[in-house]
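Residue numbers (the working numbering): 10 to 390.
Every residue gets a Cβ at the ideal spot worked out from N, C-alpha and C, and that includes glycine.
All figures in this text were calculated on a predicted structure; none of them were measured in a lab.
Encoded structure:
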């Protein structure tokens with residue numbers, strides 16, 4: 010059993026980290042204030058091979074493993090969790106198309122997805138169906154002109170910003186077996202967007218409702234088979250949960266690094282505060298929690314890469330553990346900064362706000378507990 014990263018994996022992490030520190034971190038505060046990220050950023054990320062991390066090389070992807078991808082998202086989140094997580098959603102779309110799309114579908118979408126000439130968003134959640142995702146109501150009717158979509162998607166990262174939307178729609182009966190997947194391109198007739206949401210964190214990501222009013226989508230924009238969309242969406246979420254966990258881990262690690270530096274400079278009672286044993290113990294606790302979370306995350310990624318029978322359970326457990334621990338550590342790091350931690354200038358309060366949503370999206374941590382407990386009980390029947 011070898012826990013060490015390979016030379017190639019270390020190089021992947023270092024490349025993503027260096028790019029983030031040079032091209033993202035200096036702008037994180039201003040992008041948050043503006044509520045958006047420059048579109049010019051994405052082709053630069055595409056040039057590194059990060060636009061199609063686990064898309065096959067024949068379609069322009071990097072063909073990396075899920076474990077490799079967690080290294081990229083952890084490293085980028087150390088610059089800004091909001092930016093790294095937006096990229097993870099784009100990659101989740103690419104993974105779905107690569108795994109479930111026909112040859113024509115892959116040729117149509119994946120080359121521009123991988124270069125990030127086109128940015129993709131993932132549309133599953135609706136105003137009336139979050140955790141109960143299979144209850145979605147957005148309907149796609151077959152007409153002579155193609156699919157006609159009616160409905161709305163909620164909390165969509167990249168709503169009104171992205172170039173294409175991988176959308177789960179109802180083409181048949183109620184429940185999960187009546188759901189299919191289509192790609193809706195920006196500018197499609199009948200596609201519109203709600204106002205930008207005012208959020209606690211992830212402010213650099215434009216987030217809005219995506220609305221379909223007799224929205225026309227060509228039949229060849231369908232991904233895979235009729236009635237398999239919910240299966241595709243859930244398969245995509247296994248990897249998405251790993252990525253969101255990695256993003257939380259990177260944010261928490263950045264908070265801890267900043268805290269160690271701050272404590273070595275801040276003085277109280279005649280010495281730097283990193284000399285107080287009570288505070289040293291806090292650092293030891295946070296370091297232990299992050300290292301344990303990192304090891305567990307990479308084990309879950311390894312299981313997904315190797316098709317382990319319990320991969321879904323491990324992805325859920327990793328998402329639950331890593332996002333909870335990461336938020337706890339980031340919040341504790343704010344406390345160790347004292348009043349300065351509450352100020353935007355020090356960057357820690359932004360990390361705390363950004364990481365809070367990692368416990369909610371890609372399946373709430375309550376749903377993660379449900380997945381784990383159900384599978385655990387099933388194993389013992």
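Please classify residue 318: is it buried, with 16 or more other beta-carbons within 10 angstroms of its beta-carbon, or exposed?
The residue is exposed, with fewer than 16 neighbouring Cβ atoms inside 10 Å.
Can you have a look at residue 12 and say buried or exposed, based on whether 16 or more other CB atoms are within 10 angstroms of its CB?
exposed
Residues in the same chain with beta-carbon distance under 7 Å from residue 154, minus the five sequence neighbours each way, listed in chain order, please.
225
Can you tell me which of the three DSSP states residue 11 falls into?
Residue 11 falls in the coil class under three-state DSSP.
Skipping 5 residues on each side, what residues in its chain have a beta carbon closer than 6 Å to that of residue 98?
The answer, listed in chain order, is 131 and 166.
Enumerate, from N- to C-terminal direction, the unbroken beta strand (DSSP E) stretches of 3 or more residues contained entirely within the segment 111-142.
129-132
Would you check if the distance between the CB atom of residue 364 and the CB atom of residue 335 is smaller than 7 Å?
A contact, by the Cβ cut-off of 7 Å.
Determine the direct distance from the alpha carbon of residue 108 to that of residue 201, and round the result to whole angstroms.
Whole-angstrom Cα-Cα distance: 29 Å.
Name the DSSP bridge partner or partners of residue 224?
158
Starting from residue 280, follow its DSSP beta bridges and name the residues at the other end.
277
For residue 390, name the three-state secondary structure that DSSP assigns.
coil
With a threshold of 6 Å on Cβ separation, who are the neighbours of residue 102 within its own chain once the five nearest residues in sequence on each side are excluded?
129, 131 and 175
Using the beta-carbon count (16 or more within 10 Å), is residue 63 buried or exposed?
With at least 16 other beta carbons inside 10 angstroms of its own, residue 63 counts as buried.
For residue 44 and residue 211, what's the separation of their Cα atoms in angstroms?
9 Å
Straight-line CA distance for residue 331 to residue 251?
9 Å
Is there a Cβ of chain B sitting closer than 7 Å to that of residue 61, yes or no?
The structure shown has no chain B; it contains just one protein chain.
For residue 275, tell me which candidate among 345, 238 and 262 has the shortest Cα-Cα distance.
345
If you run the structure through DSSP and keep just helix, strand and coil, what is residue 147?
coil
Using 7 Å as the threshold, is the C-beta distance between residue 271 and residue 338 below it?
no
For residue 373 and residue 380, I'd like the C-alpha separation in whole angstroms.
11 Å
Per DSSP, what kind of secondary structure is residue 94 in: helix, strand or coil?
helix
DSSP on residue 169, reduced to helix/strand/coil?
coil
Between the C-alpha atoms of residue 236 and residue 170, what's the straight-line distance to the nearest angstrom?
Roughly 28 Å between the two C-alpha positions.
If we call anything under 7 Å between Cβ atoms a contact, is residue 92 one with residue 33?
Yes; because the gap between Cβ atoms is below 7 Å, this pair is in contact.
Look at the alpha carbon of residue 49 and the alpha carbon of residue 123, and state the distance between them as a whole number of angstroms.
The C-alpha of residue 49 lies about 15 Å from the C-alpha of residue 123.
Just curious, the beta strand (DSSP E) that residue 59 is in, first and last residue?
That residue, residue 59, is in no beta strand (DSSP E); it is neither H nor E in DSSP.
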